[in-house]
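For the first sequence, UniProt numbering gives the first residue as 1, with consecutive numbering after it. Ideal Cβ placement from N, Cα and C applies to all residues, glycine included. Only one structure is covered here, and it is reproduced in the block below.
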Amino acid sequence: MGRSPCCEKAHTNKGAWTKEEDERLISHIRSHGEGAWRSLPQAAGLLRCGKSCRLRWINYLRPDLKRGNFTHDEDDLIINLHSLLGNKWSLIAGRLPGRTDNEIKNYWNTHIRRKLLNRGIDPATHRPISAVDFSGGGGGAAAEKRSSRGKGDRVKVARLPRCPDLNLELCISAPLEEMQHDLLVEESNCGGEFLRLGSSFLIDYRRLEMK
DNA sequence: AATTTTGTCAACCGCGGAATT
DNA sequence: GAATTCCGCGGTTGACAAAAT
Numbered sequence: 001m002g003r004s005p006c007c008e009k010a011h012t013n014k015g016a017w018t019k020e021e022d023e024r025l026i027s028h029i030r031s032h033g034e035g036a037w038r039s040l041p042q043a044a045g046l047l048r049c050g051k052s053c054r055l056r057w058i059n060y061l062r063p064d065l066k067r068g069n070f071t072h073d074e075d076d077l078i079i080n081l082h083s084l085l086g087n088k089w090s091l092i093a094g095r096l097p098g099r100t101d102n103e104i105k106n107y108w109n110t111h112i113r114r115k116l117l118n119r120g121i122d123p124a125t126h127r128p129i130s131a132v133d134f135s136g137g138g139g140g141a142a143a144e145k146r147s148s149r150g151k152g153d154r155v156k157v158a159r160l161p162r163c164p165d166l167n168l169e170l171c172i173s174a175p176l177e178e179m180q181h182d183l184l185v186e187e188s189n190c191g192g193e194f195l196r197l198g199s200s201f202l203i204d205y206r207r208l209e210m211k
């Protein structure tokens, strides 16, 4: 599928956004709403690619963003959702009001991955690290890159298969915001993990849309 | 104090898929 | 049905700051 570039690169700014650019973008979206990202830069008088504007708005300028540290509950929720959904950051973000997929992805790669490894849990499979494997592969490229900057003798963990019976016909259900407190992780009978919410019900992953 | 290493996170890139022509 | 356009996503990069040497 031949695709033209999303914008004319010769006349677009790149890199960090200036305050003035931010203000232009905010003001344009306030008066015209989100969307039509391709034509937005010209309409807003910005020398930016539409994708760049979208990213800036979604990840940084949106008024409903909750900035600041992740709470312990949010940590747990991210871990549990990741065990179900894998690197579906946008789906995970959909369950964390005020958080963006980019923010969660970064947080995962910089904090949670390490936290799980320290606990002896493989962040890719969410299972105890039980074997050493030098065959390569295995997520968290950014973190891998960082850690590989230093000495090279990292231990890689075996990639165990995920629960083969997991039904991945997923769809989104109501936000879990109010349920975050009492998430518990229990072992399922195939050895994997699933979410137990409060004492009474589970996330039905058949209702979590994979899009 | 200078240099190197490591951590963090905003932003970019390229792809897939839905929508449109 | 094929080609094109646009949007959204996930992976990756690079700049900067902090910590270590």
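{"Item": "Buried/exposed call for Pro-97, threshold 16 Cβ in 10 Å", "Value": "exposed"}
{"Item": "Exposure of Asp-122, with buried meaning 16 or more beta-carbon neighbours within 10 Å", "Value": "buried"}
{"Item": "Given Leu-77 as reference, the closest of Arg-67, Glu-34, Trp-89 once Cα atoms are compared", "Value": "Trp-89"}
{"Item": "Inter-stretch contact (C-beta, 8 Å, three-pair minimum) for the region 48-64 and the region 81-95", "Value": "no"}
{"Item": "Alpha helix (DSSP H) segment containing Ile-129, residue limits", "Value": "Where Ile-129 is concerned, there is no enclosing alpha helix (DSSP H), given that its DSSP letter is neither H nor E."}
{"Item": "Run of the alpha helix (DSSP H) containing Lys-19, from where it starts to where it stops", "Value": "19-32"}
{"Item": "Under the three-state DSSP convention, the category Asp-64 falls into", "Value": "coil"}
{"Item": "Unbroken alpha helix (DSSP H) run spanning Lys-105, endpoints", "Value": "101-107"}
{"Item": "Straight-line Cα distance separating Gly-50 from residue 259", "Value": "Here the chain comprises residues numbered 1 to 211, so residue 259 is not present and cannot be evaluated."}
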